[in-house]
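Residue numbers (our numbering), protein chains in the order written: chain A, 1 to 371; chain B, 1001 to 1513; chain C, 2001 to 2218.
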Amino acid sequence: MGPQHPMTHGLWTLKIKVDGETVVDTEPDLGYIHRGVEKICEARDFTQITTYCDRLCYASANTWSHSYIYAAEDLLGVEVPERAEYIRLIAVELQRIASHLMWLGAYGPDIGNLSIMVWCLREREMMMDLLQELGGSRMHYNFPRIGGVKRDLPHGFSQRAQAKLKLFLNRIQEYEALFDESTVFLVRSQGVGYAKPEEMINHGVSGPNVRAAGVDYDVRWAHPYSVYSELDWQPSVERSSIKGADCYDRYRVRVEEMRMSASMVLQALDKIPGGSETYHEPGDPKIIAKAPSRAPEGTYGSHHFEDSRGESMFYLAGGGEGRGKMPYRVSIRSPMFITIPYAAKCMIGYKVADIPAIMGSFDPCIGETDR
Amino acid sequence: MAGTSDWLDIRGWMESIVGWSMDQVHDLLPSSEIGLGPLGSVNLQGEFASIQGALETFLFTTIMCTIVFTTMMLTLMVVPYIERKFIARLMDRLGATTSLRSLWVGEGHTTAGQWWNQLPFGIGAPIGWVNGMLNSSFGNKSKHVAVDRVHNRGYHGIWFLFPGFFQALADFLKFATKEHMVPTKADRLVFETAPVIIIATTIMVYAFIPFGPHIWAANPELSLVFMMAVFGVAPLGVFFAGWSSNNKYTLIGGMRSAAQLTAYEIPLLISVLAIAVISGSFNILEIVDFQIETSNTWNLFIMPLGAALFLITMIAEVERIPFDMPEAEAELVEGWWTEYGGIRWGLMFAVEMMRAYAACILFALFFLGGWQLPFEDTLVGLPYVGILFDLLANATPGLVVLLLKAYLMFAFFVWVRASLHRVRTDQILEFGWRWLLPASMVNLAVAIFLRLEVWDSTAAGGWPIWAVPVLFGSFILAFIVLAIDEDEDALELNRRMYHTQTLEKASPGTHRD
Amino acid sequence: MGKKISAAAQQKAAEELAKAISSIDGVSAELDSRSSGTQVRHTVSATSTPDSWRVLAETLAADHGVDYCSMITGIHWPEAADKTWEVVYHLMRTGVTDPAAIEGVVQPNITDSDALTGADVPMEIQISISLPDTREPMVASVQDIWVGADWNEKETWDLVGIDFEGHEGMRRVLNPHETPVGYHPLQKQHKLRYHGFEEMYDDAQGFMRKPADAGKIK
């Protein structure tokens, strides 16, 4: 199936061996949009790399650029002002909501429900508007800077965000009504694509896919970063069956995560130091700290980050071109690169018709897979 | 089978026109003998008189077929229009039920005008009340300007009904001009034959469907049987199409389609048989007349289970969501018709619309009383306003009433399509064989019992007074009972309706447990 | 307030882990506290010789509950003769166990982050293995210990050229399948077209230039 196929959520091939309608063996074939980002970044300044990282997973651009920025700050040894951390958290969590909405909007048509696509994209428009106010564009924001953020919260952002998020929290109930109360959906997604947590961890799967199996593991609390500990939140963990997490569990985890992210943003808007109404000019030390621009050879920086799809990580080795202005090596860990082969294994034994259901429930994004 | 009638007597008019014109021809021909030399002599008028009957029948039938076909095609245009507009409204509104509000509220609270206030005598006030209630229950509670962009979209101006009406025609013409490609390794003979089978048999179905009491092409005594037989040939064509395209996806789609359509033919035919049993005839016109004249009750109320079964099996027969696995875009792109292009695809798509349209019309004929206005007899019998209703009933041709019912049923199909997910093939088959087939047998048994024991052919209304409330009421009761979620505790504990450990799979599979 | 692992517990667990694995021959590990915005992460950073890597990996998996292989980075240092090839393993201990079931109903494993101690504390571990200059760099594969290392090792070989001994099914994953043997793009002898990127901006036709056109204005 693929590379051109409406189901695959991106450009990759899934070779399946079938016996009638039952899947007997699978083999994923990736690399169609391998753009060589790791190599390109060896010839770019630290500030220039941020734009590439947005384009890794285009559906969840903010989480990737922040993932890189934390690693770059680790490499360069920069301390970030607290207000900037709050702004970053708002951007990341809004992006998480937008990414999950895109996932849900694509997952419905995979299973056959066409209405949810329009509904989710409609709400995603609200999130895109907010992110556009923050970052300047609708998809690739280039928002964080080493040491802080590009710009402070715009005037009136707080009211707009609160209005939109409150509306969004109401609308989530509609999605749940359409999915959870539909016997057809339950029949399609329960009992399909079992995945046990320890097996998943050994395979390298993380994030919502693991939390769907009843396990509370989230990089945001286990390897803490940013100001998540200041907010009142819980990772969304789903009660799965003893056989493991099925598609229904993975769906529920993401819906709950959307709610949790929305409430995190609302809390952050309340708690941001300096208040959400004050505006600092770009370059103000309250929102960005001065950062060195060179990293000598021998240093390295790495950071694990909770991306919408799992645990992402950047490893930067210092001492590259321009006497250290550019990194010597940029190594990107993509959760989906590891999850897609695992998801392909999960499909064995089920029907061809379950392939979109299972694949979609793992939320693949090929941009980050192929880098 | 005189039965019901209305003023739109197309058959009668055509018959008289044809008869009159043949008579004119007859009179124009010379009546004297004309010598043909060695071949003898011939009396043209006499010869013509001997074939006149057959000629009239032939011409009349051809004309009626053309008229019926044209009527069908023209009225078919409304069907994709309903689908498009209604799905758009369903997808871009609030709440899990249709919100009428979305029909007339635009961005920034602009409206197409509160037209209900313009109606005379203030009869539009209830509409305004409904609108206000829907607004307050399901509407945007935030007046914040920021969320304007996601307000329900609406129409602009009074032409809200007409934009996009001829889109279907434009699409069809576009397909007519596209290239016809046959895959290299496809089985050319079968590839070309399959669309012919599908399209021809579907159009043939319309020969037997009456569009009004006097608008039908053919009416043999067993029209129901013949029509269902022809209706069921299309799955064969579908399977041929899927197999001959030399494409593993179409093959999967074709096989799924063959299995699904076969599985659902049987409950369909048994439900239709139950209708025939209740009505006492295999003739569609007589079935309609039975509802209108003889029993004074629409079959929906006597046989609600049969109606539900007919509806479900028809949705499966026309391959609409939730049963559209054979052409599931997510896995199979277009399913069994992926490799077809141009007019063949265009006609097959039209055929899918036609089959859905036929299903809706048949439902209206079998269960909704055909071309009778609802409560017609009661309304006409009212003391003073009865005269008005009588005028209305007489002025409205049966065609219009039937079409309105059919379009309403189609809107229901569209509603189902927008709300439900696709059921997996083995689950579809399991549902068809294990649930619908026994249900349809039960339905048939009930129908036989009703006709034999309960039907009173001597009484005025046929069905005794308790029949409709008992049957329809028990159906509604069963529906309510089944629709209420069971076991709230387990629901809370598991937040799901099924225990996955006990969910039985249709086939064992070899996945790890 | 929000859930967070206790920094003190993480530091203590990191020190314990570093001490335990330093006892293996050829391995030296230490506590590495890295700052991350307003938080501090206590991680373990270790170096190992290629020969002791397999032993170290097995020890980590068996005795210390390291259950997650996050990424494998391969770096090519052509300047240094003794550590031309570097393989960095990023492993994590997540502390995830299959959730328990009571009467067939799964109870989610909600951890109390403050109460985690010792080997339950989630931990980041980074192990760096250096190889001297060789045409065929090879490191022992840990595909059988952590399945997550499988595709990471494929990618490292595909892009950097470091082979993994004992790895089954080594193939190209990101580059096309028909990539020439011996072509590993992330090695430093393969230059990016505009390694000095000023060239790209100053010379609009730079990308079409050939070496013979050096110094010419087109």
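No residue lacks a Cβ here, since even glycine has one placed at the ideal position from N, Cα and C.
I'd like the list of long-range same chain contacts for residue i, defined as Cβ closer than 7 angstroms, with 5 residues on each side in sequence excluded.
i: alanine 1364 of chain B; result: Gly1370, Leu1402, Lys1405, Ala1406 and Met1409
i: serine 1271 of chain B; result: Gly1306, Leu1309, Phe1310, Thr1313, Ser1440 and Asn1443
i: serine 1507 of chain B; result: Legend: pLDDT at serine 1507 of chain B = 32, less than 50; position of this residue unreliable, no value from coordinates given.
i: arginine 333 of chain A; result: Ser312 and Met313
i: valine 80 of chain A; result: Glu73, Gly147, Gly148 and Ala289
i: serine 261 of chain A; result: Glu93, Arg96 and Ile97
Take residue i and list the residues in its own chain whose beta-carbon comes closer than 8 angstroms to its own, dropping the five residues that flank it on each side.
i: isoleucine 950 of chain B; result: In this structure chain B extends from 1001 to 1513, so residue 950 of chain B is not present and cannot be described.
i: leucine 186 of chain A; result: Asp180 and Tyr248
i: lysine 271 of chain A; result: Tyr86, Glu230 and Leu231
On the CB-based measure, 16 or more other CB atoms within 10 Å of its CB, does residue i come out buried or exposed?
i: histidine 155 of chain A; result: exposed
i: leucine 1189 of chain B; result: exposed
i: valine 149 of chain A; result: buried
i: glutamine 2010 of chain C; result: buried
i: alanine 177 of chain A; result: exposed
i: lysine 1248 of chain B; result: exposed
i: histidine 1180 of chain B; result: exposed
i: asparagine 113 of chain A; result: buried
i: serine 2028 of chain C; result: exposed
i: phenylalanine 1121 of chain B; result: exposed
i: glycine 1242 of chain B; result: buried
i: serine 1099 of chain B; result: Note that serine 1099 of chain B scores a pLDDT of 37, beneath 50, so its modelled location is shaky; the value from the coordinates is reported in the next line. Label assigned to serine 1099 of chain B: buried.
i: glycine 2095 of chain C; result: buried
i: isoleucine 1051 of chain B; result: exposed
So residue i and residue j are in contact, right, with Cβ under 8 angstroms, and what is the actual spacing, rounded?
i: glycine 214 of chain A; j: valine 2055 of chain C; result: 34 angstroms between Cβ atoms; not a contact.
i: tryptophan 1345 of chain B; j: phenylalanine 1175 of chain B; result: 6 angstroms
i: glycine 108 of chain A; j: methionine 117 of chain A; result: 6 angstroms
i: arginine 294 of chain A; j: lysine 325 of chain A; result: 5 angstroms
i: histidine 389 of chain A; j: phenylalanine 314 of chain A; result: Nothing in the structure corresponds to residue 389 of chain A, since chain A is present only between 1 and 371.
i: glutamate 42 of chain A; j: valine 330 of chain A; result: 7 angstroms
i: glycine 301 of chain A; j: aspartate 74 of chain A; result: 4 angstroms
i: glycine 1237 of chain B; j: glutamate 1327 of chain B; result: Incorrect: roughly 14 angstroms between the Cβ atoms, too far for contact.
i: phenylalanine 1366 of chain B; j: asparagine 1299 of chain B; result: 6 angstroms
i: tyrosine 251 of chain A; j: serine 189 of chain A; result: 6 angstroms
i: valine 23 of chain A; j: tyrosine 350 of chain A; result: 6 angstroms
i: valine 1230 of chain B; j: threonine 1201 of chain B; result: 5 angstroms
i: arginine 138 of chain A; j: glutamine 132 of chain A; result: 5 angstroms
Suppose the cutoff is 6 angstroms on Cβ atoms and the five residues either side in sequence are ignored; what does the same chain contact list for residue i look like?
i: arginine 1011 of chain B; result: His1214
i: serine 1005 of chain B; result: Pro1213
i: methionine 1 of chain A; result: Leu14
i: glutamine 1260 of chain B; result: Ile1428
i: aspartate 2158 of chain C; result: Arg2172, Val2173, Leu2174 and Asn2175
i: aspartate 2025 of chain C; result: Ser2052
i: valine 2142 of chain C; result: Ala2057 and Ala2149
Does the ligand SAH have even one heavy atom less than 7 angstroms from the beta-carbon of residue i?
i: glycine 31 of chain A; result: What this structure holds is no ligand at all, so the ligand SAH is not there to describe.
Pick out the complete alpha helix (DSSP H) segments inside the region 1171-1242 of chain B, 4 residues or longer, and give them in chain order.
1188-1205 and 1223-1231
Chain-ordered residues of the region 2063-2082 of chain C with a beta carbon less than 7 angstroms from chain A:
Asp2067, Tyr2068, Cys2069, Ser2070, Met2071, Thr2073 and Ile2075
Could you name the residues of the region 192-206 of chain A whose beta carbon sits closer than 7 angstroms to any beta carbon of chain C, in the order they occur along the chain?
Lys196, Pro197, Glu198, Ile201, Asn202, His203 and Gly204
Relative to chain A, which residues along the region 2110-2132 of chain C have a C-beta separation below 8 angstroms, given in chain order?
Ile2110, Thr2111, Ser2113, Pro2122, Glu2124 and Gln2126
What are the uninterrupted segments assigned as alpha helix (DSSP H) that are 4 or more residues long and contained completely in the region 1296-1383 of chain B, given in chain order?
1299-1302, 1304-1317, 1329-1332, 1342-1366 and 1376-1380
Residues of the region 1423-1444 of chain B whose Cβ lies closer than 7 angstroms to any Cβ of chain A, in chain order:
Val1423, Arg1424, Thr1425, Asp1426 and Gln1427
What ranges does the beta strand (DSSP E) occupy inside the region 1021-1054 of chain B, keeping only unbroken runs of at least 3 residues that lie completely in it?
Every beta strand (DSSP E) of 3 residues or more that sits fully in the region 1021-1054 of chain B is shown, in chain order, as 1033-1035 and 1041-1043.
Given a limit of 9 angstroms on CB to CB distance, which residues of the region 2012-2044 of chain C reach chain A?
Arg2034, Ser2035, Ser2036, Gly2037, Thr2038, Gln2039, Val2040, Arg2041 and Thr2043
Can you list, in chain order, the residues of the region 333-357 of chain A whose Cβ is nearer than 9 angstroms to any Cβ on chain B?
Cys346, Met347, Ile348, Gly349, Tyr350, Lys351, Val352, Ala353, Asp354, Ile355, Pro356 and Ala357
In chain order, what residues of the region 227-240 of chain A put their CB closer than 9 angstroms to some CB of chain C?
For the region 227-240 of chain A, residues whose beta-carbon sits nearer than 9 angstroms to a beta-carbon of chain C comprise Val227, Tyr228, Ser229, Glu230, Leu231, Asp232, Trp233, Gln234, Pro235, Val237, Glu238, Arg239 and Ser240.
Interfacial residues, the region 1239-1254 of chain B to chain A, with Cβ spacing under 8 angstroms
Ile1252
Which whole runs of the alpha helix (DSSP H) in the region 1-26 of chain A are 4 residues long or more, in chain order?
none
To test your reading of the DSSP string, which unbroken beta strand (DSSP E) runs of 3 or more residues are found completely within the region 2059-2109 of chain C?
2068-2076 and 2085-2093
Every unbroken alpha helix (DSSP H) within the region 20-97 of chain A, with a cutoff of 4 residues, ordered by chain:
37-41, 46-54 and 61-76
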